[in-house]
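> In the numbering used here, the protein residues as written are -9 to 432.
Given below as structure tokens:
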């Protein structure tokens, strides 16, 4: 089909503010890890062991609202404004239940998770301390996810830029103060990093709340009267659609958690090295993921409008943008690998040995970007169970491949990256076939 710049414009209108906000946030997390790594290499291993299980649980909350995003987008496309308000009001109230339960779990029972992950005795106390101090931020996840859906479905995501700047800027400053002990503050290491993150998250939420209540651009925002009488049923219907995406993400993050366990069996620093490379990869993935968010919204609207050209054009345009971003990352990793790794560690041997992992990470971006964009298009059509099934297969592939490469072929950390590449490429080909079938039946 012939490309239309309208599709690129529509994608950028939604994605660009998200990209800026997410990249800012990701740079903040990279600096956070860099500060911790510069203070003590073992902190990298600790943050790697914490981030995987905690994010596995939090991603479920962010993914569960995908159902609301799909339904609201389709109702917008069909011009059913009363239904838009009903679903957004229900989402705004009931998304807060699971984060509250997760806060209780991670505050009181996190030690048992890290023990089950076979975290070493040197790293375990650091993981427990960080998680306890970080856990109050979990209470905000429901409001964060629901407000993001309302902004995306209103095609108004510009406030996310300043939101990201507030969170990231404050977090970086407080990291510098609390991790290293500046401006008269005692050096608190991991504990300081967690406290800095919590303060920054709540400060950002104050701004987001102000925008939510005052902006005239959020046409999918429910009225106060609708929120006050919101019932559970619309959210339950959204969850029935979104649960497949939530379980899909849970399966992906669950398999990633098992990869951390496999890495812990290699040596004490393996999980930290993986976390470091994964953090660099996320800098690109959040950009591609923003294109994916735009694809989901626009494909949902196309489904409501029964517009096949818009559906196909959106996917093709987002795919081209994702490949371009991946090529830029590959160039940087080939040109300055030492400088990238040097941000996280002063260890010359570590810096010299990690360049190959950056290249493997870049190779993986092509399969991953295909799954993000095509997967978003499949979900936007209303089919969320397909991606769940392919992710289950992917989890089996990546875990079995990692065990084979690490335990049988003794490939070490490179074996884990090889397993991830294998999984992403196989699923990308399968998902593309499904996408073609959807287009033919549109």
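Think of the CB as a built atom: it goes at the ideal place given N, C-alpha and C, for glycine as much as any other residue. Given the structure is predicted, the values throughout are model-derived calculations rather than measurements.
If I measure Cβ to Cβ from residue 131 and keep anything under 6 angstroms in the same chain, skipping five residues before and after, which residues do I get?
For the purposes of this step, residue 131 is taken as the residue at position 141 of the chain shown. Closer than 6 angstroms at Cβ, skipping near neighbours: 48, 51, 89.
> Are there 16 or more other CB atoms within 10 angstroms of the CB of residue 165, so buried, or fewer, so exposed?
As a working mapping, residue 165 is identified with position 175 in the chain shown. When all chains shown are included, residue 165 counts as buried.
> Keeping to the same chain, check which residues put their C-beta closer than 8 angstroms to that of residue 15; ignore five residues upstream and five downstream.
Your numbering for residue 15 matches position 25 in the chain shown. Closer than 8 angstroms at Cβ, skipping near neighbours: 154, 157, 158, 276.
> Measure the CB-CB distance between residue 40 and residue 121 and report whether it falls below 8 angstroms.
Residue numbering aside, residue 40 sits at position 50 when the chain shown is read from its first letter. Residue numbering aside, residue 121 sits at position 131 when the chain shown is read from its first letter. Between residue 40 and residue 121, the gap from beta carbon to beta carbon is short of 8 angstroms.
> In chain order, what residues of the same chain have a beta carbon less than 8 angstroms from the beta carbon of residue 363, not counting five sequence neighbours either side?
As a position in the chain shown, residue 363 is number 373, starting the count at 1. Excluding residues within five positions, the ones whose Cβ falls inside 8 angstroms are 278, 281, 282, 285, 305, 308, 309, 312.
> Does residue 437 come out as helix, strand or coil in the three-state DSSP assignment?
A question about residue 437 goes unanswered here, because the residues of the chain that appear run from -9 up to 432.
> With residue 252 and residue 402 assumed to form a contact (beta carbons below 8 angstroms), what rounded beta-carbon distance in angstroms separates them?
Numbered from its first residue, the chain shown carries residue 252 at position 262. Numbered from its first residue, the chain shown carries residue 402 at position 412. At roughly 10 angstroms, the Cβ-Cβ gap does not stay under 8 angstroms, so residue 252 and residue 402 are not in contact.
> Starting from residue 308, trace the alpha helix (DSSP H) both ways and give me its first and last residue.
Looking up residue 308 in the chain shown gives position 318. That run of the alpha helix (DSSP H) goes 298 to 325.
> The alpha helix (DSSP H) spanning residue 157 covers which residue range?
Taking the first residue of the chain shown as 1, we reach residue 157 at position 167. Per DSSP, residue 157 belongs to the alpha helix (DSSP H) from 149 to 170.
> Does the Cβ-Cβ distance between residue 389 and residue 248 come in under 8 angstroms?
On the chain shown, position 399 is the one that residue 389 refers to. On the chain shown, position 258 is the one that residue 248 refers to. Contact flag set, yes.
> Take residue 150 and list the residues in its own chain whose beta-carbon comes closer than 7 angstroms to its own, dropping the five residues that flank it on each side.
Looking up residue 150 in the chain shown gives position 160. 7, 8, 11, 141, listed in sequence order.
> Give a yes or no on whether the C-beta atoms belonging to residue 328 and residue 422 are separated by under 8 angstroms.
For the purposes of this step, residue 328 is taken as residue 338 along the chain shown, with counting starting at 1. For the purposes of this step, residue 422 is taken as residue 432 along the chain shown, with counting starting at 1. With contacts defined by Cβ atoms closer than 8 angstroms, residue 328 and residue 422 do not form a contacting pair.
> For residue 235 and residue 53, which I take to be in contact (beta-carbon distance under 8 angstroms), what is that distance rounded to the nearest angstrom?
Translated into the one-based positions of the chain shown, residue 235 becomes position 245. Translated into the one-based positions of the chain shown, residue 53 becomes position 63. That belief holds up - the Cβ atoms of residue 235 and residue 53 are roughly 5 angstroms apart, short of 8 angstroms.
> Under 8 angstroms, with one C-beta from each stretch per pair, do the region 91 to 99 and the region 58 to 77 reach the 3-pair mark?
Touching, no, given that fewer than three Cβ pairs across the two stretches are closer than 8 angstroms.
> Along the chain, where does the alpha helix (DSSP H) containing residue 120 start, and where does it finish?
For the purposes of this step, residue 120 is taken as residue 130 along the chain shown, with counting starting at 1. Element bounds for residue 120: 114 to 124.
> In three-state terms, what does DSSP make of residue 146?
The residue you call residue 146 lines up with position 156 of the chain shown. In this structure, residue 146 counts as coil in the three-state DSSP scheme.
> Taking DSSP as the reference, what is the three-state secondary structure of residue 484?
Shown here, the chain extends from -9 to 432; a query on residue 484 therefore has no answer.
> How about residue 20 and residue 269: are their beta carbons less than 8 angstroms apart?
As a working note, residue 20 is residue 30 in the chain shown. As a working note, residue 269 is residue 279 in the chain shown. Less than 8 angstroms separates the beta-carbon of residue 20 from that of residue 269.
> Enumerate in chain order the residues of its own chain whose CB-to-CB distance from residue 83 is below 7 angstroms, with the five nearest sequence positions on each side excluded.
Residue mapping note: residue 83 aligns to position 93 of the chain shown, counting from 1. Around residue 83: 217, 220.
> Taking the runs of the alpha helix (DSSP H) that are 4 residues or longer, which of them lie wholly in the region 187 to 255?
214 to 218
> Use the C-beta contact count for residue 314: other C-beta atoms within 10 angstroms, 16 or more gives buried, fewer gives exposed.
Working through the chain shown from its first residue, we reach residue 314 at position 324. Burial call: exposed.
> Counting beta carbon pairs with one atom in the region 237 to 245 and one in the region 60 to 70, are three or more of them shorter than 8 angstroms?
no
> DSSP three-state label for residue 380, please.
On the chain shown, residue 380 is found 390 positions in, with the first residue counted as 1. When secondary structure is reduced to three states using DSSP, residue 380 falls in the helix class.
> Is residue 336 buried or exposed, if buried means 16 or more other CB atoms sit within 10 Å of its CB?
Start at 1 with the first residue of the chain shown, and residue 336 comes out as number 346. With fewer than 16 Cβ atoms within 10 Å of its Cβ, residue 336 is classed as exposed.
> Answer with buried or exposed for residue 102, where buried requires no fewer than 16 other C-beta atoms within 10 angstroms of its C-beta.
Within the chain shown, the letter at position 112 stands for residue 102. Classification for residue 102: exposed.
> Can you list, in chain order, the residues of its chain with a C-beta nearer than 8 angstroms to that of residue 246? Leave out the 5 residues immediately preceding and following it.
Taking the chain shown and counting its residues from 1, one reaches residue 246 at position 256. Cβ within range, chain order: 42, 46.
> In whole angstroms, what separates the C-alpha of residue 323 from that of residue 357?
What you label residue 323 is simply residue 333 of the chain shown in a count that begins at 1. What you label residue 357 is simply residue 367 of the chain shown in a count that begins at 1. Roughly 18 angstroms between the two C-alpha positions.
> Using CA coordinates, which residue listed in 429, 333, 87 is at the minimum distance from residue 30?
Here residue 30 corresponds to residue number 40 of the chain shown, with the count starting at 1. Selected option, being the one with the closest Cα: 333.
> Please confirm whether residue 184 and residue 96 have their CB atoms less than 8 angstroms apart.
Translated into the one-based positions of the chain shown, residue 184 becomes position 194. Translated into the one-based positions of the chain shown, residue 96 becomes position 106. In this structure, residue 96 does not lie closer than 8 angstroms to residue 184 by Cβ.
> Measure the alpha-carbon distance for residue 381 versus residue 171 and round it to whole angstroms.
Taking the chain shown and counting its residues from 1, the one referred to as residue 381 is at position 391. Taking the chain shown and counting its residues from 1, the one referred to as residue 171 is at position 181. Taking the straight line from one Cα to the other gives about 44 angstroms.
> Tell me whether residue 402 sits in a helix, a strand or coil according to DSSP, three-state version.
Within the chain shown, numbered from 1, the residue matching residue 402 stands at position 412. It is coil, neither helix nor strand.
> Going straight from the alpha carbon of residue 38 to that of residue 267, what length do you get?
Taking the chain shown and counting its residues from 1, one reaches residue 38 at position 48. Taking the chain shown and counting its residues from 1, one reaches residue 267 at position 277. Each residue's Cα considered, the two are about 10 angstroms apart.
> For a test of the three-state rule: what should DSSP assign to residue 373, helix, strand or coil?
Walking along the chain shown from the start, residue 373 turns up at place 383. Here residue 373 sits in coil by DSSP.
> Taking Cβ to Cβ, would you say residue 303 is nearer than 8 angstroms to residue 68?
Residue mapping note: residue 303 aligns to position 313 of the chain shown, counting from 1. Residue mapping note: residue 68 aligns to position 78 of the chain shown, counting from 1. No, the pair does not count as a contact, with Cβ atoms beyond the cut-off.
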